[in-house]
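Under mature numbering (1 follows the signal peptide of the UniProt record, and there is no 0), the residues of the sequence shown are numbered -20 to -1, 1 to 361, in order. Think of the CB as a built atom: it goes at the ideal place given N, C-alpha and C, for glycine as much as any other residue.
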Amino acid sequence: MKTISLFYFILCVAVRFACTAELCTLPGGGTGKCISINNCPILSLAKTNNNIADYKRNIRCGSHDENKVSSGSVKFYTCLNGFEVCCGPPPSVPERGNCKNQITAFPPNPETECCGIQASGQNRIVGGTSTGIDQYPWLALLEYKIGNQISLKCEGALISNKYVLTAAHCMRSNKPVSVRLGEYDITHDGRDCLTSSTDCTDPAVSIPIKEILIHPEYDHPLKRNDIALIRLDGVANYTDFIRPICLTTLDVSQLSPNVSLYVAGWGRISWNLKYSRLKQHVKLPMVNMQDCLNAYHIRAGEKIQLWSKQLCAGGEYGRDACNGDSGGPLMMETLLPNNLTVITEEGIVSYGLQECGTKDVPGVYTKVYEYNTWIRRHIRP
């Protein structure tokens, strides 16, 4: 998927009007060529696996200008024709367990077992409980510089060794300057330890930010497209305490309404405590969109407009994401075809009531599934 034959390259240059792009970028970061949907061999494989609609959605080519990406002297484009897709060869069976070969700027394939895995294998946030010392190793704290002080206002999730996924609204009034990874106790420098002095973290690391990419259609009043990518000015070295989360590969809103989701972070843990000292997590139920709308219109007295690219979760008294958790991941345990369970990022903490944990009023999250293509198109090696 990372190479394209010289033949196709020459063909695209020679027949410019018949071939709408010199090269196109695949969702996984490789290169392909724009051809008719009906002529793409991998779509036959997707059809056999009953996920052809998802595959078409993720590789359908978009507008030329919006998706132009430069890499050295080579320019990559997505295809112009809506009936074409960026087609690569059928994927090979993922190499499992050899994560050193999988560490790149691009999010790992969950089947490689190189994302969404916690070292402990264990499976505040309002109403949450403290996590294990090595749980959720992808959680990232965004560091803002105010005067000579570093302030923590938002969170994110590490999705590769170069990128953190977060919320666009975290960039409105001020932009973060660095990302902190591997943290557990935000009030303590150096290694954090539990009761046993041998159960300790490595010291947290702070990596400067190279670039921030806010979704071009982010609408703050409507809270739509509330998503942003942070490119690190350096590489996040993976340890037991720093690892990437897996990006979701399915639409969680199509699953059973009883599915359980999780949020984690250091946000406000009650109405009178500004933040949690320790990393917290809480389990939340998913809420369908109509019930979510009714909750805000009837119970909260607020007129909001939800759309298909958002999720709702929570609505239980005293259990919620809250101030300071913005940009953090809404997570789910996902069982893969190889019977491996990984944690996937389903949503990004976007907004909710000021009084976090209000009964019957869930929080609203950006649905990551709807942005998989946007995320992968904008990641560079």
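Discussion item. So if DSSP puts Ser186 in a beta bridge, which residue, or which two residues, is it bridged to?
Written reply: Paired residues: Arg160.
Practice prompt. Counting only the same chain and skipping the five closest in sequence on each side, list residues whose C-beta sits under 7 Å from that of Leu202.
Written response: Here Leu202 has Gln285 as same chain residues with Cβ atoms under 7 Å from its own Cβ, once five neighbours each way along the sequence are excluded.
Discussion item. Any contact between the segment 153 to 161 and the segment 124 to 133? By contact I mean 3 or more CB pairs, one from each, below 8 Å.
Written reply: At 8 Å Cβ cutoff, the stretches touch.
Fill in: Same chain, Cβ closer than 6 Å to Gln98, neighbours up to 5 away in sequence not counted
Contacts found: Gln115.
Practice prompt. Work out the CA separation of Ala293 and Asp271 for me, nearest whole Å.
Written response: The straight-line gap separating the alpha-carbon atoms of Asp271 and Ala293 is approximately 11 Å.
Item to complete: Could you tell me which of Gly68, Thr219, Gly96 sits nearest to Leu320, measuring between CA atoms?
Response: The residue with the shortest Cα to Cα distance from Leu320 is Gly96.
Worksheet item: Does the separation of the CB atoms of Ile189 and Val159 fall below 8 Å?
Response: In terms of Cβ geometry, Ile189 and Val159 form a close pair [threshold 8 Å].
Item to complete: Take Ser51 and list the residues in its own chain whose beta-carbon comes closer than 8 Å to its own, dropping the five residues that flank it on each side.
Response: Note that Ser51 has pLDDT 33, beneath the 50 cutoff, so the model's placement of it is unreliable and the number below is only indicative. Arg360, Pro361, listed in sequence order.
Discussion item. Relative to the C-alpha of Lys259, which candidate in Leu273, Cys94, Ser288, Val243 has its C-alpha closest?
Written reply: Ranking Leu273, Cys94, Ser288, Val243 by Cα distance to Lys259 puts Val243 first.
Worksheet item: What residues in its chain sit with their C-beta under 6 Å from that of Asp206, if we drop five residues either side in the sequence?
Response: So the list reads Ala147, Ala148, His149, Ser330, Thr346, once near-sequence residues are dropped.
Worksheet item: With a CB to CB cut of under 8 Å and the five nearest residues on each side skipped, what residues in its chain are close to Leu316?
Response: If we look at Leu316 and ignore the five residues flanking it on each side, its Cβ neighbours are Pro90, Glu91, Val322.
Item to complete: Pull up the distance between the alpha-carbon of residue 403 and that of His277, whole angstroms please.
Response: This structure leaves residue 403 out entirely; the chain is present only between -20 and 361.
Item to complete: Report the rounded CA-to-CA distance for Cys66 versus Tyr198, giving the unit in angstroms.
Response: Each residue's Cα considered, the two are about 26 Å apart.
Worksheet item: Secondary structure at His195, three-state DSSP: helix, strand or coil?
Response: The answer is coil: DSSP assigns His195 none of H, G, I, E or B.
Worksheet item: For Thr167, does the three-state DSSP call read helix, strand or coil?
Response: Residue state, collapsed to three classes: coil.
Worksheet item: Since Ile355 is in the alpha helix (DSSP H), which residue starts that stretch and which ends it?
Response: For Ile355, the enclosing alpha helix (DSSP H) stretches over residues 352 to 357.
Worksheet item: Looking only at its own chain, which residues have a Cβ that is under 6 Å from the Cβ of Ser306, when we skip the five neighbours before and after it?
Response: Taking C-beta separations shorter than 6 Å and ignoring five residues to either side along the sequence, the partners of Ser306 in its chain run Cys134, Ala147, Cys150, Val329, following chain order.
Discussion item. I believe Ile166 touches Leu132 by the beta-carbon criterion, under 8 Å. Please report the beta-carbon distance rounded to the nearest angstrom.
Written reply: Confirmed, about 7 Å.
Worksheet item: With 16 other CB atoms within 10 Å as the buried threshold, where does Glu326 fall?
Response: With 16 or more other Cβ atoms within 10 Å, it is buried.
Practice prompt. Could you tell me the boundaries of the alpha helix (DSSP H) in which Gln270 lies?
Written response: For Gln270, the enclosing alpha helix (DSSP H) covers residues 269 to 274.
Worksheet entry | Between the CA atoms of Gly68 and Asn19 - distance to the nearest angstrom | Spanning the alpha carbons of Asn19 and Gly68 requires a straight line of approximately 11 Å.
Item to complete: Report the rounded CA-to-CA distance for Ser186 versus Leu161, giving the unit in angstroms.
Response: Whole-angstrom Cα-Cα distance: 6 Å.
Worksheet item: Can you pull the DSSP bridge partners for Gly68?
Response: Per the DSSP secondary-structure output, Gly68 pairs with nothing in a beta bridge.
Worksheet item: From Ile130 to Leu121, what distance separates their C-alpha atoms?
Response: When only Cα atoms are considered, Ile130 and Leu121 end up about 11 Å apart.
Worksheet item: Glu93 by DSSP, collapsed to three states: which one?
Response: Three-state result, Glu93: coil.
Practice prompt. Run the CB neighbour count on Met217, radius 10 Å, all protein chains shown included, and call it buried at 16 or more, exposed below.
Written response: One point to set straight first is that residue 217 is Asn, not Met, in the sequence displayed. For Asn217, the number of other beta carbons within 10 angstroms of its own is below 16, and it is reported as exposed.
Worksheet item: How is Ser256 classed by DSSP in three states: helix, strand or coil?
Response: In the three-state reduction of the DSSP assignment, Ser256 falls in the coil class, being assigned neither a helical nor a strand state.
Worksheet item: For Cys141 versus Ala85, is the C-beta spacing smaller than 8 Å?
Response: What sits at residue 141 in the sequence shown is Asn, not Cys. Yes, the pair counts as a contact, with Cβ atoms nearer than the cut-off.
Worksheet entry | Rounded C-alpha distance that separates Lys289 from Gln234 | Here the C-alpha atom of Lys289 lies approximately 13 Å from the C-alpha atom of Gln234.
Fill in: For Tyr124: DSSP bridge partner residues
Bridge partners of Tyr124 according to DSSP: Ser131.
Discussion item. If distances are taken between C-alpha atoms only, which option among Arg257, Asp220, Gly245, Pro265 comes closest to Arg237?
Written reply: Arg is not the amino acid found at residue 237; the sequence shown has Pro there. Per the Cα distances, Pro265.
Worksheet entry | Burial state of Gly308, where buried means 16 or more other Cβ atoms lie within 10 Å | Classification of Gly308: buried, given that the 10 Å Cβ count is 16 or more.
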